[in-house]
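Since the structure comes first, as structure tokens, the remarks are kept for the end.
Residue numbers (UniProt numbering): 1 to 274.
Below, the structure is given as structure tokens:
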């Protein structure tokens, strides 16, 4: 168990991560699943997790979060921990260079390593396969936390879309998060701290595949759907994702761009882009 390996108390870990002691205890006891990955990442980093452990942690948290009950009570903001205390320390994509792509996608529409697992609400031919109940027990990084989540949502309650033209769906928001601390605290919107949005999330996330519109830490973007099988990108700690939010823009052809999920700590409930 990472906490035991680190030999740190909950009080000490709370000071290092900015996450309350009670929240850390609930995470580790399996009583709650954090709505954002940031507090879990900060906890693991404080315990000395390796890059491989962080990568597994992110994948398993994504699985637990996806299985979360639709009726689960939302976390209080104070319990979520400070975003400033979480996430990677450096970002190769700051200043316009997108994060590096990584091979290893394993399941269309699913986080790495969970394709075909029992109980996952799989899709066939664009339709969700009905699942009456999903119970996912996730043991995170050799015992750093036990997440027990019950999802009683049926296929009828799962949002899907067949026509995903921008503006045709209810809109949520996500706030951009830049892992570069110097960019988080800088008031000026300098080019070096800007980040790119992809034109096509399934193509390589590179300089030639970004729209002209740039975003900075703290920007609030409108999003109407999420894609799970996009190009996989990783940050420098090895935390990666194939999940992308489609964000609505007024100043680019087509009216939208794509934000990789590791660019935000928000996780709104959205239909799947098809």
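By construction, the Cβ of each residue, glycine as well, lies at the ideal position given by its N, Cα and C atoms.
- Taking all protein chains in view, the Cβ of residue 13 is crowded by 16 or more other Cβ atoms within 10 Å, so the residue is classified as buried.
- Counting every other CB atom within 10 Å of its CB across the protein chains shown gives residue 51 a total below 16, marking it as exposed.
- Collapsing the DSSP output to three states places residue 48 in coil.
- Inclusion of residue 214 and residue 195 in the CB contact set at 8 Å is warranted, their separation being smaller than that value.
- The criterion of a C-beta distance shorter than 8 Å is satisfied by residue 205 and residue 260.
- Apart from the 5 residues on each side of it in sequence, residue 17 sits with its Cβ closer than 6 Å to the Cβ of 42, 43, 46, 85 in its chain, given in chain order.
- Across the structure, residue 35 and residue 26 are spaced so that their CA atoms are roughly 13 Å apart.
- Taking C-beta separations shorter than 8 Å and ignoring five residues to either side along the sequence, the partners of residue 170 in its chain run 224, following chain order.
- Between the alpha carbons of residue 191 and residue 55 lies a distance of about 29 Å.
- The alpha helix (DSSP H) runs of length 4 or more contained entirely in the stretch 171 to 247 are, from start to end of the chain, 181 to 184.
- DSSP places residue 40 within a helical segment (H, G or I) once states are collapsed to three.
- In terms of Cα proximity to residue 177, the closest of 208, 37, 230, 226 is 37.
- Less than 8 Å divides the Cβ of residue 228 from the Cβ of residue 243.
- By the neighbour-count criterion, in which 16 or more other beta carbons inside 10 Å mark a residue as buried, residue 39 falls on the buried side.
- Taking C-alpha positions only, residue 232 is separated from residue 241 by approximately 5 Å.
- Rounded to whole angstroms, the Cβ separation of residue 49 and residue 57 is 7 Å, and the two are in contact under 8 Å.
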